[in-house]
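To start, the structure itself, in structure tokens.
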Amino acid sequence: MKFEFVYKICSKSEWLIAKKNNKFIGTKKDKEDGFIHFSNKKQVQNTLKKYFFGQKDLILLKIETSKLDNLIWEQASDGNIFPHLYSSFDIPNVCNQFDITLNEDGTHILPSNY
2 MKFEFVYKIC SKSEWLIAKK NNKFIGTKKD KEDGFIHFSN KKQVQNTLKK YFFGQKDLIL
62 LKIETSKLDN LIWEQASDGN IFPHLYSSFD IPNVCNQFDI TLNEDGTHIL PSNY
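Structure (structure tokens):
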């Protein structure tokens, strides 16, 4: 499976800590699972719905896959194949970041250009 970009959803506070340290080591959930959870572009909306419903202050990070060592595509419990990173990644590897807007009904709005 080959995609040019993968996407990471995290809180704004997690992103600020990562930028301060110049390295993203993962969210609490990532650390519990032993890898950083990513989505491909088509999976982002469902990931938001399933794991982040109602959460505000989220950021979407866009990362080039060619800049990630230890990226493995694995089958999740729902049968879908997701990208998992078995290491941290350097902040300069992030090619773009996007604010995720929260609707009143708890769903998220992604920017059209992500």
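The sequence shown maps to residues 2 to 115 in the numbering used here.
Backbone N, C-alpha and C fix where the C-beta goes; we use that ideal spot for every residue, glycine too.
Residue i - containing alpha helix (DSSP H), residue span
i      : result
Asn-22 : 13 to 22
Leu-49 : 45 to 52
8 angstroms contact criterion, which residue i and residue j should meet: CB distance rounded
i      : j      : result
Ser-32 : Tyr-8  : A quick correction: the sequence has Lys, not Ser, at residue 32. That pair is no contact at about 19 angstroms.
Ile-60 : Phe-90 : 15 angstroms between Cβ atoms; not a contact.
Lys-68 : Asn-94 : 4 angstroms
Residue range of the beta strand (DSSP E) that includes residue i
i      : result
Leu-61 : 59 to 65
Leu-72 : 72 to 76
Leu-86 : 82 to 86
Backbone secondary structure at residue i - three-state DSSP
i      : result
Tyr-8  : strand
Asp-31 : helix
Ile-26 : coil
Asn-97 : strand
Contact set for residue i: own chain, Cβ-Cβ below 6 angstroms, skip 5 residues either direction
i      : result
Phe-83 : Ala-77
Gly-55 : Gly-107
Trp-16 : Ile-60
Gly-27 : Ile-37
Lys-13 : Asp-58 and Ile-60
Contact with chain C by residue i, beta-carbon distance below 8 angstroms
i       : result
Asn-104 : Absent here is chain C; the protein component of the structure consists of one chain.
Sequence-distant residues of the same chain with beta carbon closer than 7 angstroms to residue i, five excluded per side
i       : result
Ser-88  : Asp-70 and Asn-71
Asn-114 : none
**Prompt:** Would the segment 44 to 58 and the segment 90 to 99 be scored as touching if the rule is three or more Cβ pairs under 8 angstroms?
**Reply:** Touching, no.
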